[in-house]
Amino acid sequence: MSYQRILAALDFSEGGGMAVRRGRELAEKYQAVLHLMHVVEFIPPVDTSFGVLSPFEVDLTDQMVEASKVRIAELAGKLGIPDEQSLVVVGSPKLEIIRVAEDIKADLIVVGTHGRHGLAVLLGSTAASVVNHAKCDVLAVRLQE
Ligand code: AMP
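So the sequence shown is residues 5 to 149, counted in this note's numbering.
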């Protein structure tokens, strides 16, 4: 068994770097291409009290995308990953991780898991959903609490 294209999904949480490290180890082991991705969760441009567009909230999503691009570029730089292999997208992490994995034809997705979230007690909600829906292998890396 060997992997050629690995997608590591990172949420920038404190323990989340573990999944990236594991992805990198596997990429080295299999001489695979490693991609990094982060999903900025969409903040609806609606002021809930008035139900109208709020430019402030639209800006907030844009700012989070820009900040995430800087962070992922720093990390990619440290790991020697070319810019075009790191990606920031807006949407639902569960859906976007699956979509990007299919898009880049990843044969392994690496996500972290805390193993403490309600519905998906064992895997955490994002990890559980990715395991359920991915068309390729998924490695759920147990994160340190
Ligand atoms: P969670 O189920 O929210 O605890 O997340 C578990 C794992 O899913 C994280 O360690 C990441 O690998 C991935 N993940 C969660 N949120 C995001 C996100 N916004 N962008 C990219 N990956 C994410």
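Glycine included, each C-beta is placed from N, C-alpha and C at the ideal position. The structure presented is a predicted model; accordingly, all values stated were derived computationally and were not measured.
Length of the line joining the Cα atoms of residue i and residue j
{"i": "Val145", "j": "Ser133", "result": "14 Å"}
{"i": "Gly84", "j": "Asp111", "result": "21 Å"}
{"i": "Met5", "j": "Val104", "result": "22 Å"}
{"i": "Val24", "j": "Phe46", "result": "23 Å"}
{"i": "Val115", "j": "Leu11", "result": "9 Å"}
{"i": "Lys82", "j": "Ile113", "result": "21 Å"}
{"i": "Tyr34", "j": "Tyr7", "result": "6 Å"}
{"i": "Asp141", "j": "Pro86", "result": "23 Å"}
{"i": "Ala36", "j": "Glu29", "result": "10 Å"}
Among the options, the one whose alpha carbon lies nearest that of residue i
{"i": "Asp15", "options": "Met68, Gln8, Glu29, Asp107", "result": "Met68"}
{"i": "Gln89", "options": "Leu99, Gly95, Asp107, Pro97", "result": "Asp107"}
{"i": "Val135", "options": "Glu70, Ile102, Gln148", "result": "Ile102"}
{"i": "Val94", "options": "His118, Ala36, Thr117, Asp63", "result": "Asp63"}
{"i": "Glu78", "options": "Leu40, Leu147, Met22", "result": "Leu40"}
Nonlocal neighbours in the same chain, by C-beta distance under 7 Å from residue i, ignoring five residues either side
{"i": "Lys109", "result": "Arg9"}
{"i": "Val92", "result": "His42, Val44, Val69, Ser72, Lys73, Ile76"}
{"i": "Gly20", "result": "Leu14, Gly116, Leu147"}
Nonlocal neighbours in the same chain, by C-beta distance under 6 Å from residue i, ignoring five residues either side
{"i": "Lys139", "result": "none"}
DSSP beta-bridge partners of residue i
{"i": "Asp111", "result": "DSSP, once it has assigned bridges, lists no residue as partnering Asp111."}
{"i": "Gly116", "result": "Val145"}
{"i": "Arg26", "result": "In DSSP, Arg26 forms no bridge with anything."}
{"i": "Ile10", "result": "Leu38, Leu112"}
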